[in-house]
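Using mature numbering (1 follows the signal peptide of the UniProt record, and there is no 0), the letters of the sequence shown correspond one by one to residues -28 to -1, 1 to 477.
All residues carry an ideal CB built from backbone N, CA and C; glycine is no exception.
Contents: one structure, followed by commentary.
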Amino acid sequence: MKKATIKRILAGACAVAVAVLAPLSAVAAERSYSYIYDYWGDVQDAPNAYTCSKVFTSSELGLDVKLKSPQGLTVVGNKLYVCDTGNNRIIELNRPTPQTLEVERIIDSFKGADNSTFAAPTDVQVSDDGNFFIADSGNARILKLDKDLNYIMEFNKPNDKTLDPALVFQPTKVSVDSAERVYCVASGINKGLVKYESDGTFAGFVGATPVTYNWTDYIWKKFATQEQRALMQNFVPTQYDNLYMDHEGFIYAVTGSGEAEEIKSGSVDVIRKLNLMGSDILVRNGEWPVIGDLYMGNGGGYEGASYFTDVTCFDNDIYVCLDKNRGRLFAYDDQGNMVIAFGGNGNMDGYFRRPSAIDHMDYDLFVLDELDCAITLFTPTEFGQQIYEAIDQFDKGFYEESEQSWRQVMALDGNYDLAYIGIGRALLRQKDYKGAMDYFELKYDADNYSKAYKQYRKQWVEDHIVIIVIVILAIFLIPLGIERYKKIKWEIEKAEIDDMKRNGG
């Protein structure tokens, strides 16, 4: 009897536990970890700016031969191109509806060349004229094909005396500008991006990263023996991992190289924005450096700094960096402020095992996973759409509308720093300098506060110039008037006394 009672109690407890925990598990499965860093560098949870809408696997795409170690992803209009590196082919996908991708063609060969197949292609770009530029890494070349896959030309190892003659040319990532000049990242070349003119002429290296070194090691090298120096690490520029050309022709280049402390201190730039001269023009006005995660300790088995393996940039200059170390995406605005961070490593939808590439279609994000062999689609939530709308309105000069959009963002998340700063910037453009100062002060934005204060001071002087002039004149004229009055009064009194004396008074 007692045993039966105990069994019923245990069964009831299990039923209650299942009923309680099942909804929590469902919520946990749907939740995506999104956050920002506040002024103090503390992690602040944020509403999801993106949601995982779909994961496209080989089966979902209807591929007979499954994807194998895909490493390159490019969006052109309504099409996606995936470098199926392990299968030596490129998959062209069409997006007929927001939630579907269809295979349009499989590109595994071309016409007009002796070697007309690919060997481990790692990246592909399409020019404005529709020509394909393919990093055919295994064949040590960059191919240029027309839209009908006819061979046009190829770009080979640069003819440069500073390169090791034994170096095998392995282009891994490629980009092309409106004039079909080619920029590429090549394995083993740390002099910057390799640049070619449209006719295939090698045009030099662009945007070499500054050499960084430790002063202790530098001094030690001066006094070390030749054998000791040979064992020490050389001071050389770091090699880029990937690049992306935005709509204005600027190149965003990322690298995961560098020691964690150097990255955190800002002595190593893990992302750079290069102009035509190869100079870094990335704006870094944010409270924290553009490095992904600020905390680099061991969390979830992943240690060290964020490793930016790819980057993409919207037309409003918000750029999104892909961290292959922790599987996260970090979005920054044109001033270097973090917009949102989300994602992570794992087997759930919206998480990754080895993310390798990222690109965007409008504000939708596509992320390629090399190990899962899948494409993840992220679409903006209401929170994300409001952020983008506020930024777009500001860029177009609609400052009142931008202010209202930022207020809606604030209504969704009262701790979102950029909403306060966005309202402040919008008020600043509307010449409400006092209001702008109040919002900048709330989020400790000293730079923008100073700008607003200068304008507020100037405006106050202009509004009160008449009173100021009157006060200044009064300060100078009243004492003069008093002195004049005293003098006249003294002269009158003196005249009266003199008159009395003359009259014998």
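Cα-Cα separation between N475 and E468, rounded to whole angstroms
The residue labelled residue 475 in the question sits at position 503 within the sequence shown. The residue labelled residue 468 in the question sits at position 496 within the sequence shown. The straight-line gap from Cα to Cα measures roughly 11 Å.
Residue span of the alpha helix (DSSP H) that contains D334, given as start and end
Numbered from 1 along the sequence shown, position 362 holds the residue referred to as residue 334. Segment: none, D334 is in no alpha helix (DSSP H) and carries neither H nor E.
Assess contact between the segment 57 to 73 and the segment 367 to 381, defined as three or more Cβ pairs (one per stretch) separated by less than 8 Å. Is contact present?
no
Alpha carbon to alpha carbon, how far is N111 from A175?
Translated into positions along the sequence shown, residue 111 becomes position 139. Translated into positions along the sequence shown, residue 175 becomes position 203. In a straight line, the C-alpha of N111 is about 21 Å away from that of A175.
Measure the beta-carbon distance from I393 to K415 and round it to whole angstroms, keeping in mind my assumption that it falls under 8 Å.
Stepping through the sequence shown from its first residue, residue 393 is reached at position 421. Stepping through the sequence shown from its first residue, residue 415 is reached at position 443. Indeed, because the Cβ distance is near 6 Å, the residues count as touching under 8 Å.
Are the CB atoms of T281 and S229 nearer to each other than 8 Å?
As a working mapping, residue 281 is identified with position 309 in the sequence shown. As a working mapping, residue 229 is identified with position 257 in the sequence shown. Against a cut-off of 8 Å, the Cβ pair of S229 and T281 comes out as no contact.
Within 10 angstroms of the Cβ of G164, are there 16 or more other Cβ atoms? Answer buried if so, exposed if not.
Position 192 of the sequence shown, counted from the start, is the residue given in the question as residue 164. Buried: at least 16 other Cβ atoms inside 10 Å.
From K129 to D14, what distance separates their C-alpha atoms?
As a first step, residue 129 is located in the sequence shown; it is residue number 157 there, counting from the start. As a first step, residue 14 is located in the sequence shown; it is residue number 42 there, counting from the start. Rounded to the nearest angstrom, the two C-alpha atoms are 47 Å apart.
Once DSSP output is grouped into helix, strand and coil, what is the label at G453?
Numbered from 1 along the sequence shown, position 481 holds the residue referred to as residue 453. Correct three-state label for G453: helix.
Taking the alpha carbon of G44 as the point to measure from, which residue in I347, T173, T351, Q402 has its own alpha carbon closest?
Working through the sequence shown from its first residue, we reach residue 44 at position 72. With distances taken between Cα atoms, G44 lies closest to I347.
Coil, strand or helix - G407 by DSSP:
Counting from one through the sequence shown, the residue named residue 407 turns up at place 435. G407 falls in the helix class under three-state DSSP.
Would you call the segment 260 to 268 and the segment 211 to 221 touching, i.e. three or more CB-CB distances under 8 Å?
no
Kindly indicate which three-state DSSP category F412 falls into: helix, strand or coil?
Along the sequence shown, one-based indexing puts residue 412 at 440. Three-state result, F412: helix.
Exposed or buried, what is E372 when buried is set at 16 or more other beta-carbons lying within 10 Å of its beta-carbon?
For the purposes of this step, residue 372 is taken as the residue at position 400 of the sequence shown. Answer is exposed; the Cβ neighbour count stays below 16.
Judging by CA-CA distance, which residue of D132, D101, P137, V140 is the nearest neighbour of residue 512?
Residue coverage of the chain in this structure runs from -28 to 477, which leaves residue 512 outside it and unanswerable.
Under DSSP, the beta strand (DSSP E) around S377 begins and ends at which residues?
Translated into positions along the sequence shown, residue 377 becomes position 405. First-last for S377: 371 to 384, but that is the alpha helix (DSSP H), not the beta strand (DSSP E).
Which whole-angstrom value describes the C-beta separation of D341 and F314, a residue pair presumed to lie in contact below a C-beta threshold of 8 Å?
Against the sequence shown, residue 341 aligns to sequence position 369. Against the sequence shown, residue 314 aligns to sequence position 342. The Cβ separation is near 15 Å, so there is no contact.
Tell me the residue span of the beta strand (DSSP E) that contains R77.
As a working note, residue 77 is residue 105 in the sequence shown. First-last of the beta strand (DSSP E) with R77: 74 to 79.
Taking the alpha carbon of T29 as the point to measure from, which residue in I442, G250, C345 has its own alpha carbon closest?
In the sequence shown, residue 29 corresponds to position 57, counting from 1. Nearest of I442, G250, C345 to T29, Cα basis: C345.
Start and end of the alpha helix (DSSP H) containing E32?
Along the sequence shown, one-based indexing puts residue 32 at 60. E32 -> alpha helix (DSSP H) spans 30 to 33.
Determine contact between the segment 349 to 358 and the segment 10 to 26, defined as no fewer than three beta-carbon pairs at a distance below 8 Å.
yes
From A138, V178, S170, residue whose alpha carbon lies closest to that of residue 479:
Past the edges of the chain, shown from -28 to 477, lies residue 479, and the structure says nothing about it.
A383, buried or exposed, once every other Cβ within 10 Å from all chains shown has been counted against 16:
As a working mapping, residue 383 is identified with position 411 in the sequence shown. Under this definition A383 is an exposed residue.
Whose C-alpha, out of C55, Y360, I79, K51, is nearest the C-alpha of L66?
The residue given as residue 66 occupies position 94 in the sequence shown. Per the sequence shown, the amino acid found at residue 66 is Asn instead of Leu. When each option's Cα is compared against that of N66, the closest is K51.
Contact check, V255 vs D306 under 8 Å by CB: the rounded distance?
The sequence position of residue 255 within the sequence shown is 283, counting from 1. The sequence position of residue 306 within the sequence shown is 334, counting from 1. The pair is a contact, with the Cβ atoms about 6 Å apart (cut-off 8 Å).
Would you give the residue range spanned by the alpha helix (DSSP H) that D241 belongs to?
In the sequence shown, residue 241 corresponds to position 269, counting from 1. Taken as a continuous stretch (DSSP letters only), D241 belongs to no alpha helix (DSSP H), as it is neither H nor E.
Quick check: the Cα distance between Q16 and C55, rounded to an integer number of angstroms?
Along the sequence shown, read from residue 1 onward, the residue named residue 16 stands at position 44. Along the sequence shown, read from residue 1 onward, the residue named residue 55 stands at position 83. Using only the alpha carbons, I get a separation of about 37 Å.
Is the segment 132 to 141 in contact with the segment 79 to 98, if contact means three or more CB pairs nearer than 8 Å?
no
Please go through the same chain and pick out, in chain order, the residues whose beta-carbon is closer than 8 Å to the beta-carbon of D36, but skip the five residues on each side of it.
The residue given as residue 36 occupies position 64 in the sequence shown. None.
Looking only at C-alpha atoms, which of N309, D149, I460, K430 sits nearest to N247?
Locating residue 247 in the sequence shown gives position 275, where the first residue counts as 1. Checking every option, the nearest Cα to that of N247 belongs to D149.
I'd like the list of long-range same chain contacts for M409, defined as Cβ closer than 7 Å, with 5 residues on each side in sequence excluded.
One-based indexing of the sequence shown puts residue 409 at position 437. Here the set comprises Y421, A424, Y425, Y428.
Threshold first: 4 residues or longer. Then list the alpha helix (DSSP H) segments lying entirely within the segment 101 to 137, N to C.
none
Does DSSP put K51 in a helix, in a strand, or in coil?
The sequence position of residue 51 within the sequence shown is 79, counting from 1. Strand, per DSSP.
Identify the continuous alpha helix (DSSP H) that holds D426 and give its terminal residues.
Here residue 426 refers to the residue found at position 454 of the sequence shown. The displayed chain sequence assigns Lys, not Asp, to residue 426. Per DSSP, K426 belongs to the alpha helix (DSSP H) from 418 to 435.
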